[in-house]
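Residue numbers (the numbering used here): 165 to 416.
Even for Gly, the Cβ is constructed at its ideal location relative to N, Cα and C.
All figures in this text were calculated on a predicted structure; none of them were measured in a lab.
For reference, the structure discussed in these notes is given below.
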């Protein structure tokens, strides 16, 4: 508002050919630039946060049915995602999205392998999902791909907490049963799992673990670096996806 007032009070004949640095004091010019850059940064932060939530949901709602019917196609899409990610990294305007996509590629690759050929064994889930962990930790140590690597860590943390809940509440037999059940038996397995989760023990642990994930997600949102917003979105989406699964089980 103050900038607009200054422009309106400056004679047109004198201001039309003068640079902004001559029209405004240095402090005002810096403030306007800082405000503009701050708004752009805020938009990037929220876009990465939303994209992280979307990318965690993709394996659940898109990859899951694809990998059941065509596991080799799901696996074959991995190099395509890598290629697109590297192409995006080559341009300054899209480098952020290329970074995020490369981090997502690890979750896509591990999901293709596990849900395609190993889904009958729950105890292999987390080790397979963590297959990219050494490379991600190396990248963070070297300062490479912070957005994608932290997204992967956030997604892996959410996966680990979900699996921990399955172990604590003794839902592993239901997991195995669901993987082997015929279509007409799925609702029976779901109802049995819901009954196990609805006990005081199951509800208490669900509340504690969800509160822990929410705390981690909101804490990451206080960081200024955009990479932590991708981490936050990946962690928060775990709660959303698990809630949708619970709701689906109730409606089956």
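If the five residues before and after residue 312 are omitted, its C-beta is found closer than 6 Å to the C-beta atoms of 263, 264, 266 and 267, all from its own chain and listed in chain order.
By the Cβ test, the stretch 269–280 is in contact with the stretch 291–299, since at least three Cβ pairs between them sit closer than 8 Å.
For residue 335, the three-state secondary structure derived from DSSP is coil. Within the same chain, and ignoring the five residues on either side of residue 367 in sequence, the residues whose Cβ sits closer than 8 Å to its Cβ are 361. Contact holds between the stretch 202–219 and the stretch 382–402, because three or more Cβ pairs, one in each stretch, are under 8 Å apart. DSSP, reduced to helix, strand and coil, places residue 346 outside both helices and strands of the structure shown, so it counts as coil. Rounded to whole angstroms, the gap between the alpha carbons of residue 411 and residue 248 is 35 Å. Here the alpha carbon of residue 373 sits roughly 7 Å from the alpha carbon of residue 325.
In this model, residue 240 and residue 269 are separated by some 12 Å (Cα to Cα).
Going by DSSP, residue 250 is part of the alpha helix (DSSP H) stretching over 235–253.
Per DSSP, residue 268 is one residue of the alpha helix (DSSP H) stretching across 259–277.
Annotated three-state conformation of residue 398 is helix, per DSSP.
Here residue 297 carries a helix assignment [DSSP, helix/strand/coil]. The alpha carbon of residue 357 has as its nearest neighbour, out of 342, 281 and 285, the alpha carbon of 342.
Per DSSP, the unbroken alpha helix (DSSP H) holding residue 380 starts and ends at 364–384. In this structure, the CA atom of residue 298 is about 18 Å from the CA atom of residue 278.
When the Cα atoms are used, residue 223 and residue 314 turn out to be separated by approximately 18 Å. Cβ atoms of residue 369 and residue 286 stay farther apart than 8 Å, at about 17 Å.
Relative to the Cα of residue 402, the nearest Cα in the group 307, 391, 232 and 318 belongs to 318.
Annotation for residue 284: 340, 343 and 344 place their beta carbon closer than 8 Å to its own, counting only its chain and skipping 5 residues before and after.
Annotation: residue 259 to residue 393 spans about 16 Å, alpha carbon to alpha carbon. Residues 326 of the same chain have their beta carbon placed closer than 7 Å to that of residue 406, with the five preceding and five following residues left out of the count.
Residue environment analysis places residue 209 among the buried positions, since at least 16 neighbouring C-beta atoms fall within 10 angstroms of its C-beta.
Our two residues, residue 359 and residue 237, have alpha carbons roughly 36 Å apart in a direct line.
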